[in-house]
Amino acid sequence: MEILHFEHNEQAAQIIASFYDTPPLAYIHSFGCQQNVNDGEKIKGVLADVGFGLCDAPEQADLILFNTCAVREHAEQRVFGNVGALKSLKEKKPRLIIGLCGCMAQQPTVVEKLRQSYPFVDLVFGVNAIDTLPQLLAQKLTGGKKRLLQTPVERADIVEEIPIRRDSDFRAWLPIMYGCDNFCTYCIVPYVRGRERSRRPEDILAEFCQLVDAGYKEITLLGQNVNSYGKGLEPRVDFADLLEMLCRVPGDYHLRFMTSHPKDASRKLIDVIAAEERICNHLHLPVQSGSDRILKEMNRHYTVQQYLELIDYAKAKIPDVTFSSDIIVGFPGETEEDFAATLELIRKVQYMQLFTFIYSKRTGTKAALMPDPVTHKEKTERMARLLAVQEKIAHAETAALVGGTQRVLVEGHSRSPGTLAGRLTNNLVVEFAGDEALIGQYARVHFTSSKGTILKGELV
Ligand code: 5AD
Ligand code: SF4
178 MEILHFEHNE QAAQIIASFY DTPPLAYIHS FGCQQNVNDG EKIKGVLADV
228 GFGLCDAPEQ ADLILFNTCA VREHAEQRVF GNVGALKSLK EKKPRLIIGL
278 CGCMAQQPTV VEKLRQSYPF VDLVFGVNAI DTLPQLLAQK LTGGKKRLLQ
328 TPVERADIVE EIPIRRDSDF RAWLPIMYGC DNFCTYCIVP YVRGRERSRR
378 PEDILAEFCQ LVDAGYKEIT LLGQNVNSYG KGLEPRVDFA DLLEMLCRVP
428 GDYHLRFMTS HPKDASRKLI DVIAAEERIC NHLHLPVQSG SDRILKEMNR
478 HYTVQQYLEL IDYAKAKIPD VTFSSDIIVG FPGETEEDFA ATLELIRKVQ
528 YMQLFTFIYS KRTGTKAALM PDPVTHKEKT ERMARLLAVQ EKIAHAETAA
578 LVGGTQRVLV EGHSRSPGTL AGRLTNNLVV EFAGDEALIG QYARVHFTSS
628 KGTILKGELV
């Protein structure tokens with residue numbers, strides 16, 4: 178565990194220790210995006226700092242925390258299902274503390290539902306309250322049966338000094354900004370994560386240097402919209418400047434970033450990716466729809482033509498560049514014609530990978546008020562058609578790499594017995610035979626065949 182100048186909370190630690198005969202165990206489950214996974218790592222760091230151990234099974238835990246996602250209804254239902262399933266465990270183990278945090282905890286309606294219908298949930302805290310967790314736990318333990326269901330607070334500051342316990346020792350998440358100001362009409366994120374706040378470049382650089390020194394090979398910069406990094410910072414610095422600054426740090430590593438909003442992805446950014454060896458030649462550029470009419474309804478602030486011009490610029494400047502994207506199928510009012518335009522766009526760009534979602538209505542967003550006459554069945558059929566188109570493209574893109582050789586980061590054992598899995602800069606995975614000592618290291622692999630989107634290869 179690395180600690181970034183965190184002030185250890187001695188009093189809370191003592192209170193917590195006094196309630197348990199042996200060090201208590203926590204089970205933390207993070208749902209959703211990388212930002213949430215990174216928050217989960219901070220929660221683990223904060224808990225470890227006040228004497229908690231971690232466990233992989235809820236049955237062993239003294240504290241169970243669900244770090245939740247609110248971006249789609251399905252994600253919320255899963256969490257309620259998971260929480261509900263703990264009722265009997267709590268009956269058997271009354272001292273067990275059950276808590277919920279993350280994006281769902283930012284919604285007053287969710288907190289109210291937990292208050293009314295889930296009496297065995299003891300603790301709720303928002304995304305800006307992770308650093309206060311030791312005090313909350315001490316308060317909960319000394320408060321008897323009293324539940325601590327907090328209403329979320331919006332915070333303009335960024336708490337820099339939170340300990341972190343990373344899930345991997347060679348891949349790391351590095352948040353550069355929090356929140357979002359875009360208000361895409363379907364999206365709940367700006368309501369739950371608040372306004373955009375950028376970390377200071379010197380704080381990012383300090384954490385980055387720690388990661389490189391500790392031997393991390395892949396560092397992924399995180400933000401809801403990394404391209405608008407730097408708003409409000411003095412002196413002025415933009416995302417491309419930040420990338421250039423980080424790439425000056427010597428070491429054996431590579432950089433990724435997500436997510437880029439096409440409206441803010443600049444030519445300057447693409448020039449920096451082209452110039453810097455250490456930045457992956459891959460752009461995750463969520464387009465959401467291929468119809469200008471729908472993009473307008475979504476409040477995305479770009480047209481298909483502008484998006485394609487950006488893609489063409491990247492293709493011209495960055496050799497071997499690959500793209501991935503997010504697509505929403507069945508946004509309110511999406512016609513067959515709009516959907517056909519999305520298929521056309523996908524064929525034009527030739528994405529390596531797509532993350533596809535059927536539109537999910539989020540109460541409180543503008544799109545939730547729009548008429549939505551298309552049936553769920555039709556939306557599911559559109560989704561199947563889209564996936565069929567994408568599958569062909571991705572298989573062909575993968576097959577085109579056979580015969581080549583690349584440096585990959587070895588991530589672990591692959592699904593085929595006895596082989597390792599390495600990740601290419603474009604996010605594809607290659608399976609190859611090799612010593613497990615290579616896990617967490619770079620290896621040069623020659624690609625011998627492909628099956629679907631999985632490459633097979635051999636060590637060079
Ligand atoms: N319904 C479906 N997909 C959504 N996303 C965000 N909000 C919704 C919603 N209400 C998708 C977008 C975004 C990704 C992270 O999740 O495609 O880029
Ligand atoms: Fe949501 Fe749009 Fe912000 Fe992404 S840019 S988090 S889709 S509002």
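Heads up: the sequence shown at position 328 corresponds to 505 in the working numbering, and the numbers run straight through without jumps. Quick reminder that beta carbons are idealized off the backbone N, C-alpha and C, glycines included.
With a contact defined as Cβ atoms closer than 8 Å, Glu395 and Leu586 qualify at about 6 Å.
The residues Gly507 and Glu511, in chain order, have a CB closer than 7 Å to that of Val551 in the same chain once the five nearest residues on each side in sequence are set aside. For the ligand SF4, the residues with a Cβ under 6 Å from any of its heavy atoms are, in chain order, Cys357, Asn359, Phe360, Cys361, Cys364, Val366, Pro367, Gln401, Asn402 and His438. Look at Cys210: its beta carbon is less than 8 Å from one of the heavy atoms in the ligand 5AD. Residue pairing from DSSP places Lys633 in a beta bridge opposite Glu608 and Ser626. Met529 carries a coil assignment under DSSP once its states are collapsed to helix, strand and coil.
Pairing Val389 with Gln327, the inter-Cα distance amounts to about 37 Å. Here the alpha carbon of Ala315 sits roughly 11 Å from the alpha carbon of Asn186. The beta carbon of Ala442 sits no closer than 8 Å to any heavy atom of the ligand 5AD. Under the Cβ criterion (8 Å, minimum of three pairs), the segment 320 to 337 counts as touching the segment 372 to 390. If you draw a straight line from the Cα of Phe416 to the Cα of Ala194, it is about 44 Å long. Looking at the backbone, the Cα of Asp497 and that of Met529 are separated by about 12 Å.
Glu395 is bridged by DSSP to Arg348 and His431. Listed in chain order, the alpha helix (DSSP H) elements of length 4 or more contained wholly in the segment 304 to 347 are 310 to 319. Gly209 sits close to Val248, with the two beta carbons spaced by under 9 Å. Tyr484 and Val464 have their C-alpha atoms spaced approximately 8 Å apart.
The Cβ atoms of Thr625 and Val579 lie closer than 9 Å to each other. Using a Cβ distance threshold of 9 Å, Lys269 and Ile275 do not count as a contacting pair. The alpha carbon of Gln482 has as its nearest neighbour, out of Ile450, Glu521, Ile495 and Val449, the alpha carbon of Glu521. Three or more Cβ pairs drawn from the segment 304 to 314 and the segment 276 to 289 lie within less than 8 Å of each other, which places the two stretches in contact. Taking 4 residues as the shortest admissible run, the segment 427 to 483 contains the following complete alpha helix (DSSP H) segments, listed from N- to C-terminal end: 444 to 452 and 469 to 474.
Taking the C-beta atoms as reference points, Arg370 is found nearer than 9 Å to Cys357. If you compare the alpha carbons of Lys322, Cys424 and Arg433 with that of Ala349, the shortest gap goes to Arg433.
Taking the CA atoms as reference points, Val288 sits about 32 Å from Gly409.
CA-CA distance, Met435 to Asn213, rounds to 13 Å.
If you check the C-beta of Asp503 against the ligand 5AD, you find a heavy atom less than 8 Å away. Judged by beta-carbon spacing, Ala610 lies within the 9 Å limit of Leu597, meaning their Cβ atoms are closer than that value. In this structure, Thr542 sits near Tyr363, with a CB-CB distance shorter than 9 Å. Shortest Cα-Cα distance from Gly320 to any of Ile456, Leu300, Ile341 and Leu291 involves Leu300. Looking from the CA of Phe534, the closest CA among Lys494, Asp418, Glu558 and Glu513 belongs to Glu558. In this structure, the C-beta of Ser537 approaches the ligand 5AD to less than 8 Å from one of its heavy atoms. According to DSSP, residue pairing for Phe243 in a beta bridge involves His206 and Leu277. When only Cα atoms are considered, Pro296 and Cys246 end up about 21 Å apart. In the DSSP assignment, the residues bridged to Ala598 are Gly589 and Glu608. Residue nearest to Ala252 within the set Arg584, Tyr619, Arg539 and Ala620 is Arg539 (criterion: CA-CA distance). The C-beta separation of Glu608 from Lys633 comes to about 6 Å, placing the pair in contact by the 8 Å criterion.
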